Amino acid sequence: MHADLLKTGVALTLAVSLFTACNQGQNGNAATATDTPTGGSIAISVDETFAPIIKSEVDTFQKLYQSAKVTAYYKPEQEALQDLLDDKVRLAVLTRELNAAERAEFDRLKLVPRATKIATDGLAIIVHPSNPDSLLSVPQLRDIFTGKVQQWSQVSGKKALATINVVFDANRSSTTRYIQDSVTRGTALTPRAFAAKSNSALLDYVASHPNAIGVVGANWISDRDDAAVQTFLKKVQVVSVSTKNNPSKQDDYVQPYQAYLALKTYPLTRTVYIISREARAGLGTGFTSFVAGNQGQLIILKAGLLPAIGQMRVVNTNKL
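Counting from 1 along the sequence shown, just add 348 to a position and that's the residue number in this note's numbering.
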């Protein structure tokens with residue numbers, strides 16, 4: 349075990365050197381900071397959609413490097429980004445890179461933020477287990493999320509359920525932004541959409557309201573070895589989604605699992621980044637290197653997302 353830790357430490361030391369050249373000495377706090385890539389303390393802000401994965405990453409990193417303390421705050425995406433801009437944290441885990449205005453703010457501070465891709469995520473559409481509409485196309489989702497379709501009977505003609513209730517995890521969350529950007533394409537959300545305040549509250553709401561439809565990150569439902577995921581999957585139903593306007597067969601629909609993320613056949617995907625404002629080889633650089641390295645990527649693989657590095661073997665099987 350000691351040898352493994354030593355090898356990991358050497359690999360991490362080599363990796364963090366890749367992050368330091370452009371920014372050395374730019375941060376006004378660099379001279380007084382005492383943390384290193386594997387020791388000290390740091391605060392990070394995380395899009396709460398990725399709480400299960402980042403908690404695992406932090407726990408594993410701290411077990412390997414026992415002098416390191418990473419305190420993660422799980423928030424809606426916009427709040428996590430604002431913490432980074434306000435210098436409350438040195439790292440933020442987000443589902444987008446910085447826009448022009450945000451980059452201009454860092455230019456004003458004479459800082460060069462770095463975006464490190466760590467995963468590809470799929471957004472899972474979930475409904476109550478009693479809902480017969482478990483196959484939906486992207487055009488149908490667009491009609492549901494904009495309020496053009498307000499009754500479940502309008503979706504498939506089945507009259508088992510009535511008015512559709514749309515629920516998101518939180519206000520200003522990355523899932524809400526994604527649906528508005530990529531599904532409704534700028535059209536306002538239905539007035540019947542509301543925020544449940546957290547991903548776990550969203551899952552509980554869908555589990556107890558047959559008319560509900562919700563959106564969660566895939567890591568909340570994809571790690572079948574996780575007891576919490578097993579509990580969630582007993583309470584909700586994951587919708588299979590098709591990009592086609594008029595899907596003709598069940599194979600046209602897929603769920604947000606790794607094979608379909610790797611094959612790029614699942615339509616609701618997004619990239620996950622660690623954005624760093626750290627201008628020296630500190631603990632933020634070390635943690636980023638760990639998450640983007642082999643061990644951190646294995647954690648992402650196990651959680652059900654598509655790692656940014658490494659190869660996946662996708663095997664096609666045919667029924668005899």
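All C-beta atoms in this analysis are idealised placements derived from N, C-alpha and C, irrespective of residue type, glycine included. For clarity, every value in this text was computed on a predicted model and none was experimentally measured.
Check                                                                                                           : Outcome
Same chain only: Cβ atoms within 8 Å of ILE537, ignoring 5 sequence neighbours per side                         : What sits at residue 537 in the sequence shown is Leu, not Ile. Only PHE493, THR494, GLY495, VAL514, THR524, ILE527, GLN528 meet the Cβ criterion.
Classification of SER478 by the beta-carbon crowding that lies within 10 angstroms, buried from 16 upward       : exposed
CB of GLY470 within 7 Å of CB of LEU616, strictly                                                               : yes
DSSP-derived helix/strand/coil call for LYS650                                                                  : helix
Within 7 Å, strictly: CB atoms of VAL554 and ILE474                                                             : yes
Candidates LYS612, SER596, GLY632, TYR608, of which the one nearest SER485 by Cα                                : SER596
Bridge-paired residues (DSSP) for ALA543                                                                        : PHE516
Bridge partners - GLN499, DSSP secondary structure assignment                                                   : THR511
In DSSP terms, what VAL563 is bridged to                                                                        : ILE473
Given ASN567 as reference, the closest of ALA651, GLN410, VAL620 once Cα atoms are compared                     : ALA651
Check whether ILE622 and THR468 have beta carbons under 7 Å apart                                               : no
THR468 - partner residues in DSSP beta bridges                                                                  : THR619, LEU654
Environment of GLY632 [buried if 16+ CB atoms lie within 10 Å]                                                  : buried
Test item: CB-CB of VAL441 and ILE402 under 7 Å                                                                 : yes
7 Å Cβ cutoff met for VAL394 and ALA420                                                                         : yes
Limits of the alpha helix (DSSP H) - the one that SER393 falls within                                           : Premise fails: SER393 lies in the beta strand (DSSP E), 388 to 395, not in any alpha helix (DSSP H).
Beta carbon of PRO689 nearer than 7 Å to that of ALA518                                                         : The structure shown does not extend to residue 689, since the chain is modelled only from 349 through 668, so no value can be given for it.
Cβ shell of THR535 (< 6 Å), same chain only, five flanking positions each side left out                         : THR494
With 16 other Cβ atoms within 10 Å as the buried cut-off, status of ARG625                                      : buried
DSSP state of VAL587 mapped onto helix, strand, coil                                                            : coil
Where TYR608 sits in the DSSP three-state scheme                                                                : helix
Pairwise C-alpha distance: PHE409 and LYS506                                                                    : 50 Å
In DSSP terms, what ARG572 is bridged to                                                                        : DSSP lists no partner for ARG572.
Sequence-distant residues of its chain with Cβ nearer than 6 Å to GLN585 (five each side left out)              : VAL475, PRO477, SER482
Start-end ranges of the alpha helix (DSSP H) lying completely within the stretch 404 to 491, minimum 4 residues : 425 to 433, 448 to 456
Sequence-distant residues of the same chain with beta carbon closer than 6 Å to LYS583, five excluded per side  : ALA555
DSSP beta-bridge partners of VAL531                                                                             : DSSP output for VAL531 lists no bridge partner at all.
Residue burial classification, THR443 (beta-carbon count within 10 angstroms, cutoff 16)                        : buried
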